[in-house]
Amino acid sequence: MKIAIISLQGAFTEHADLLKKASKELNVNCAITLAKTKKDVEGTSGIILPGGESTTINKLLKETGIDKEIIRLAKKGIPILATCAGMIIISSSGDDQCKKTGKLLGLIGMTVNRNAFGTQKHSFEKELDVKGIGKINAIFIRAPAVTEVSDPDAEILAKVDEKIVAVKKKNIMTLAFHPELTDDTKIHKWFLKSAAKSPDN
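Numbering of the sequence shown is given in numbering that gives the first Met the number 0, commencing with residue 0 and proceeding in unit increments.
Listed below in structure tokens is the structure:
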């Protein structure tokens, strides 16, 4: 199966490395595309939207037309994993800082606070029990958080200090933290298993 990791900016190589590890553990064939154009995303069985700088990534998504392709594939049922900045981009609304990001994709009806836990120096690690996944070591770096979930199909998977940091809506999972910066493959295994059932697989 083909997996597209949006590689316009941010932690995409780390996602690719952990995805390779997860595919080896599951013994599944996985062709990873570091997607920089709309064509790179076409015909994929799953999409990863990584962390980075949300304003820059969102701007480049629009310039390349990848944003429209992500929306089309999401509606089709293709699995999407969006982490950190990706959480902001796929949301429907946000705080004043999020508004600087530009028009969001609106894949999940939810409101996001951009730097919910503070600046870079306030980065931290915490063991989280993510519903449906299990316990993982979560790394938060200038992390966002969801302040409100209005989407009736969305499910809250984890919180930190009452702040929502993981949400799932059908084929879409979004996380405020960086699973790709650990050696734990649980999240990426979930993603690959979902991609194996993808309409385009």
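Beta carbons: idealized from backbone N, C-alpha and C, even for Gly.
Looking at the DSSP output, GLU68 shares a beta bridge with no other residue. Contact annotation: HIS177 and GLY50 have beta-carbon atoms nearer than 8 Å. A Cβ-Cβ distance of about 6 Å is found for the pair VAL27 and LEU191, placing them in contact under the 8 Å criterion. In this structure, PHE116 is the residue among GLY108, THR43, PHE116 and GLY85 with its C-alpha nearest to the C-alpha of ASP160. Taken through DSSP and simplified to helix, strand or coil, GLU124 comes out as strand. Here DSSP, grouped into helix, strand and coil, assigns SER53 to helix. Restricting attention to THR184, VAL166, THR146 and LYS125, the CA atom closest to the CA of ASP94 is found in THR146.
Three or more pairs of CB atoms, one per stretch, sit closer than 8 Å, so the stretch 28 to 41 contacts the stretch 4 to 19.
Straight through space, the alpha carbons of LYS188 and LEU25 are spaced by roughly 7 Å. ILE69 is not a Cβ neighbour of LEU103, given a cutoff of 8 Å.
Rounded to whole angstroms, the separation of the alpha carbons of THR43 and VAL129 is 26 Å. Bounds of any alpha helix (DSSP H) do not take in SER91; it lies within the beta strand (DSSP E) bounded by 90 to 93. Distances from the alpha-carbon of PHE11 to those of LYS38, CYS83 and PRO78 put CYS83 closest. Assignment of GLU147 by DSSP, reduced to helix, strand and coil, places it in the strand class.
It is roughly 9 Å from the alpha-carbon of ILE79 to the alpha-carbon of SER193. The residue among ILE46, GLY45, LEU127 and ILE89 with its C-alpha nearest the C-alpha of SER53 is ILE89. Residue environment analysis places GLU179 among the buried positions, since at least 16 neighbouring C-beta atoms fall within 10 angstroms of its C-beta.
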